[in-house]
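Structure first, then comments.
Following this line, the structure appears as C-alpha cells:
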C-alpha cells in the first residue's frame, strides 16, 4: 500500500540514532506535516510512499538535528566581552554590571535572533535556554522556527526583568500558562542555582513546574567552591540538599554537574533528571572535568550543551561533541572512553531525553517530529572516508566534522536552512544591530574602566557611602601616658574596641584614582582572643579638602563597601599598579567631648615598623562643622599628652609608600 | 623617501605578533619579493611606499601565518581509519600494519598534497613534519608553496622506506644535503623516540643534525608509560637520558613533552630546544595534560601542533589554539592561565622559534619572510566585536574564530589562497585519489579482520611458526607413581623444568577461528622461587588432523608468537567473544625414548579444579612420523603407570569450557 507523504528525502547516509543505532545507506526519510512517517533503506521507503516533493540528499549524512542541552542564547551579544578571567571577576565585574545596564526585551530579542541564526547554521534543531525576559526568547525562537525548552529565570536578587522573587515567580507562572502546548516551545522555570536562590524559591519553582508538568532547568555543582560552600553550610553535597527542598518533584534538567559523586548521580537517575554537560565552558572557566563517563555508565541521560556564548564563546555543538569525547578520554586515562558514537548519541537522543523531549525529537523514527539535518562529509578536512566499521561514520562526524559541514536544517517539518542559506533570519541585519550594542557596551565599560570609583560601584550592593572626616594624628614615643590620660581625664568613653587591622592599599597609575584599601579587621577581646573578622573596602579620594590649624586634616572623600569578595578577586578586577601593605594593632575609643563624638585611635603600626600613633577622628558634613571639630581634636591631642608639633597629615599608606 | 614595493596590503587590523605585540588599525604591510619591507599604521606605510600591486584587506585581520609545530602530513590518508583505541592497539594493530602495506612515495605525495590543501585552508604557512619518504613530503610541500621543516624518520626497526637503521641514516644525510638552503624547506632528521631508537641512533642523528646545523625533530615523553619505562630501565626521566646520548648537541624540536618535570624543562631551555604541544592528540589518545603554562613560565619556546591527522583527526590549528588555552586553564585550576593572547603567540612567534625558524617567520616584521594570512572576523559566530581591551581581538580569534574564517594565505611573498580559492592545488582531484586509497585500505583491513590468524600476523614480528604435535593425555588419581616411575624406568631425561602456567583462551563467535591462548609461564626453581616470567601467544587451530590408537591426537595447527604486549592489549585488539582461564602447575621433562625426543608433562590443573594429568607430546612434521610417535607415546604412558583407558583427547580449554 502506498502512502501519500509531503516530502521524501532520499540518497542519504541515514543515521537514525534510534535505540538500535540503525544506519541506512542509501537511506530515505518520509515526512508528513510536522512528523516523520517512515525511515529506512531507500528502496523500501520509496516503494511505500508517493511524495509531493522529493529531495536528493546527494550522499550526505541525514541525521537528527543536534540538541544543545544548556545555553543562555541572548548572551551572543556579550560574546568576547571579557575573557580569561575568574568566574567571580567575570560575573560580578563584567557580565552582571553590563546585564544590569543593557538587558531589555530588545536586547533579548536581538541576542536570540543572532543565536538562532548561529544554531541553525551549526545543525542545532533544539536547545534548552535560561535567561531573563524569557518570553522574548520563546517568541523569537518560535519565529525563527527552532524547538526550545525556555526557562524563565528566578533569583533571590533583583534581575533585569523583576524587582523581587515574587514578581519573577508570578512572571514564570504567566509565561508557562501562555506557552504550554506550543508546537515548538516548551516553557520551563529556572531557579538559577542553589546559591542564588533561597530554599523557599527552590520549593516554589519545583511546585510550579510540577503543577504544569514542565521542566525545571537549573545549574547544579558547576564549581568545586559551590560544593564546598554547600558542605560547609549544610553538611551535604548539592543534590541531596536540592532533594530536601523538593526540587526533584519536578522534571529537572541539571546543567553542569561537574562535581557530583556517585550517590548524587543515582539520586538524579531515580528522579528521572537529565544532565547537560558543557565541556567548553567547564574548561574555559576552569570549573573542572565533569565525570561524564561515570554518569553515562550509571544510565543518566547526559546531553551536551554550549553554555552561554559569553563563556564559550560560540554555540558550536560540533566542537562540544568532540570535546566531550576528548576530555572524557584523558580524564579517565582511557582512550576507549566516550567513543565517537556515544558522543553523537549524547548530542541527539540522550540530549532530547535530558530535556524531557525524548518522545518528540532526538532520533529519526516514525512518529517523532521531523527535526533533521544534512551534513556533507566530503570536505577536504574529512577526506577520505573509511567504511570498514559501522562506527567509522561517527568518528568522521566527531573527530573531523565541522559545524560548517551542515548544509540543510529542518525543524518540525519546516526547512530553516537550505543549501547553507538561512530561510527565517536576515544575518546581515542582525550583525549590524549586534555591532551597535557592542559599541554602546564598549563605551559604557571604557568609561567605567577609567575610574576605580565606577568599577567599585559596578560591583553592585548598596553599601557605598561618601564620608568626610576631620582628623589629626601625632607620633608618639611611648603609648603609656596616653593610656593613663584617657582614664583620668574628663572624657566620656562610650565604646572601647581592640583590632588587628590588615590593610592592603591598591595604588593606580593615575594618582587621581586615589587608593583602594582592602581591610581585614580582626576583633580582639580582653583575653587577646580574636572574636571575629570583618572585610571592608574603602576608596580613598586623592585630594584633600583642606588643612586646618595644627595639621588637622579635613580628609579625603571615602566610599565604603563591605568586602564580600576575596583580596584575590579585587586584585584581578581592579588591576592595581602596585600594592602597599599596612598592618597595625589599634585600640579604639568612641568618646563624647564637648557634646560631639570623636574616635580616639591608639595605633602600633607593625608593617612597616612605624611605631606608635595617636589619632583623633570625627565624621563631618560641612566645612563649618569641620572647623569647629578641628579645634576640638587639637584640644583632645593635648589632653591626652600628644605633642601638637608632632602632628602628621599623611595617611599611613603615604608614610609606608615613602612620602614621609 | 618613497620605496618601490611589489605589494601593499592595506585597510587591515594588523596583528604583528612582534615582541611588543604591536597592533595597527587600520594597518598596512608592504611586501617586496619574498619578504616584508614595512609594517605599521596604514597612513605611515602608504606614505613611504610606491606599490606595484595593492590589496584592500576589507578590514580583515592581517597576521602572521600559523605554525603547525608537529605533524605527520601524509597521514591525512589514514584519518578516521581507527579511533577510540589505546595507543598500542591503534599503532600495532592498525596504523603500522597499514603503513607496512601501503606507504610508498605515491602515498606520501598524495597524503602531503591533501594535507597542504587543508593546511592552507586553515591558515597554516609553516609546519614541522616527520614521516617516511620525507623527500616526497619536501618536494610536494615546496610545489604547494608552503614552508616546512621536514624530518626524515630514523627507527631501529625496518620502515616502509628503509630496511635498516644504517640505510635510513644514509638516506637522511642525502636528504639533508639535497634540501639544505632551499627557500621553503628546512631539512631535518627525526629519530622517532627514545623507545624506538637505540642510543647509537640517537647519537648518530644528533651528530648528523649538528654537522649540517639542521633541526632534529623527535617525540619526547608523550605518555606516562614511556617515562615509567625509562625510569625503570635507566633510572632517570627521558630528557636527561637523551642529554646523555648527546641529543642536545643538535637544535631539537621536542614534540609532546606531556610528562616532563621542571628540571627537564630547564635542560630543554639551556639546550635551546623548542617544544611542540599537541592538545587534541594528547586528549584523544589519553596521553595526559602537558604542563604548558609551566613550560611557558620557564621561558621555553612552546609551539602548538596538530600531530598527525590519524590521531586528531584533522589539521585545524584554530581548534588546537583554543584547546591549548582551554586545557591549561582547567589543569591549573585557573581561568586566567594561558590567555588568548598567549595562545596566539604560541601558534605564531613561539612556534616559529620552536622550529628554529624564528628569524625567518612567525611575526610580521620588516626583514622576515612574507608568511601571512587574512582572517575575516565578521562571521555570524564571531559577532559582535568588542574593542575595549587590546586583547579582545585575540579572544575573538581563539575562542570564537574558526579555520574557515581564513580567506587568504601568502607564503614567502606568494599567494597560495585568495578569497578562499586554492591557487596551487586541485582539491577535487586530491579527494578522488584519496578515496581510492581508503577503499583499498578498507578491503585490506576487512579481509584481515575476518581472520584471527591474519590479525595475529598483522602484529608483525617474525616469530610465528606452524607446529604439529602428537599428544596423549591421561587423567591421574595420584601423581606419586608417575614421579617414582620417571626416575626408575629407562627413560633418558634431558631437561627438567617446573612452571606455573596461567592461560587465558580467547574464543570467537566463529569456531573456525580456533582459540587464541595468552600464556604466562612462571619458571620455578628447586626452592619454589619464581625465577622468570615469559609471555606467549598461541593460536590453536579449530580442527584436528586425526586421532590414532589409544586416543593419541595429532594436534591442531598452532602459531606461536612471543606475547610482547599485555593481555589487555590482546583483549582490545582481538575482541574475543569470551575468555576461559586455565591455571596449572606443570612439571615438564624433555626425554629421549627410542631415539626420539618427547615432552612429559605432569600437570595439576588448578583453575578450574580438574586434578592431575599426565601428558606426552612430541613435535612432528609428517603423518607417517606421527603414526610412529603415536605408538611411542602410548608406550610411555604405560611405562609411567598411566591407564590408557583414561586417555582424553580434549585440550584443557575444552574441558574447562564444558566439553568434557
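Protein chains in written order, with our numbering: chain A, 1324 to 1983; chain B, 1324 to 1983. No residue lacks a Cβ here, since even glycine has one placed at the ideal position from N, Cα and C. Source: prediction; values computed, not measured.
Checklist line | Positions along the region 1602-1615 of chain A whose CB lies within less than 9 Å of some CB in chain B | finding: 1602, 1603, 1605, 1606, 1607, 1608, 1609, 1610, 1611 and 1612
Next item on the list: Find the nearest neighbour of residue 1584 (chain B) within the set B:1506, B:1563, B:1446 and B:1572, judged by alpha-carbon distance.
Entry: B:1563
Next item on the list: Would you check if the distance between the CB atom of residue 1639 (chain A) and the CB atom of residue 1726 (chain A) is smaller than 8 Å?
Entry: yes
Check: If we call anything under 8 Å between Cβ atoms a contact, is residue 1386 (chain B) one with residue 1340 (chain B)?
Finding: yes
Notebook entry, point to check: According to the neighbour-count rule (16 or more other Cβ atoms, all chains shown, within 10 Å of its Cβ), is residue 1616 (chain A) buried or exposed?
Noted result: buried
Note to self: List, in chain order, every chain A residue whose beta-carbon is nearer than 8 Å to that of residue 1441 (chain B).
What the structure shows: 1703 and 1704
Note to self: So, with DSSP's three-state summary, where would you put residue 1786 (chain B)?
What the structure shows: Below a pLDDT of 50, predicted positions are generally treated as unreliable, and residue 1786 (chain B), at 47, falls in that range; no measurement from the model is reported.
Check: Residues in the region 1727-1755 of chain B with C-beta within 7 Å of chain A's C-beta atoms, listed in sequence order?
Finding: 1727, 1750 and 1754
Note to self: Beta carbons nearer than 7 Å to chain B: which residues of the region 1513-1529 of chain A have them?
What the structure shows: none
Next item on the list: Please classify residue 1983 (chain B): does DSSP put it in a helix, a strand, or coil?
Entry: Note on residue 1983 (chain B): pLDDT 45, under 50, position unreliable in the model; the coordinate value appears next. Coil, per DSSP.
Check: Comparing the C-beta of residue 1481 (chain A) with each C-beta of chain B, is any distance below 8 Å?
Finding: no
Item checked: Segment limits, alpha helix (DSSP H) that includes residue 1640 (chain A) -> 1640-1654
Next item on the list: Measure from the C-beta of residue 1663 (chain B) to each C-beta in chain A and report whether the shortest distance is under 8 Å.
Entry: yes
Check: Along the chain, where does the beta strand (DSSP E) that runs through residue 1827 (chain A) open and close?
Finding: 1815-1830
Margin query: Please state the DSSP three-state secondary structure of residue 1906 (chain A).
Written below: strand
Checklist line | Strand pairing of residue 1757 (chain A), partner residues [DSSP] | finding: Bridge partners of residue 1757 (chain A): none, in fact.
Item checked: For residue 1512 (chain B): DSSP bridge partner residues -> B:1475 and B:1539
Note to self: Going by DSSP in three states, residue 1971 (chain A) sits in which element: helix, strand or coil?
What the structure shows: strand
Item checked: Where residue 1453 (chain A) falls, given that 16 or more other Cβ within 10 Å makes a residue buried -> buried
Margin query: I believe residue 1941 (chain A) touches residue 1920 (chain A) by the beta-carbon criterion, under 8 Å. Please report the beta-carbon distance rounded to the nearest angstrom.
Written below: 7 Å
Next item on the list: Assign residue 1340 (chain A) to one of three DSSP states: helix, strand, or coil.
Entry: coil
Check: With a Cβ-Cβ cutoff of 8 Å, do residue 1597 (chain B) and residue 1677 (chain B) count as a contact?
Finding: yes
Item checked: For residue 1942 (chain A): DSSP bridge partner residues -> A:1792
Check: Three-state secondary structure (DSSP) at residue 1418 (chain A)?
Finding: helix
Next item on the list: Give every residue of the same chain whose Cβ lies closer than 7 Å to the Cβ of residue 1623 (chain B), excluding the five residues on either side of it in the sequence, and list them in chain order.
Entry: 1588, 1591, 1592 and 1598
Margin query: Less than 8 Å between CB atoms is the rule here; does residue 1289 (chain A) satisfy it with respect to chain B?
Written below: Since the first residue of chain A shown is 1324 and the last is 1983, residue 1289 (chain A) is not available in this structure.
Next item on the list: For chain A, find out if any of its Cβ atoms is closer than 8 Å to the Cβ of residue 1650 (chain B); answer yes or no.
Entry: yes
Next item on the list: Mind checking the region 1388-1420 of chain A against chain B and listing, in chain order, the residues whose C-beta falls within less than 9 Å of any C-beta there?
Entry: 1399, 1400, 1401, 1402, 1403, 1404, 1405, 1406, 1407, 1408, 1409, 1410, 1412 and 1413
Check: For residue 1613 (chain A), which option in A:1659, A:1653, A:1411 and A:1575 has the closest C-alpha, if you only look at C-alpha atoms?
Finding: A:1653
Notebook entry, point to check: Going by alpha carbons, who is nearest to residue 1395 (chain A) out of A:1460, A:1338, A:1375 and A:1444?
Noted result: A:1460
Checklist line | Backbone CA spacing between residue 1382 (chain A) and residue 1757 (chain A) [nearest angstrom] | finding: 37 Å
Margin query: Under DSSP, the alpha helix (DSSP H) around residue 1432 (chain A) begins and ends at which residues?
Written below: 1428-1444
Next item on the list: Could you work out which residue in A:1560, A:1376, A:1416 and A:1348 is closest to residue 1772 (chain A) when comparing CA atoms only?
Entry: A:1416
Checklist line | Span of the alpha helix (DSSP H), counted from its first residue to its last, around residue 1616 (chain B) | finding: 1615-1621
Next item on the list: Can you tell me the Cβ-Cβ gap for residue 1739 (chain A) and residue 1474 (chain A), rounded? I've got them flagged as a contact below 8 Å.
Entry: Between residue 1474 (chain A) and residue 1739 (chain A) the Cβ distance is about 22 Å, and since that is not below 8 Å, they are no contact.
Check: Does residue 1768 (chain A) have its Cβ less than 8 Å from a Cβ in chain B?
Finding: yes
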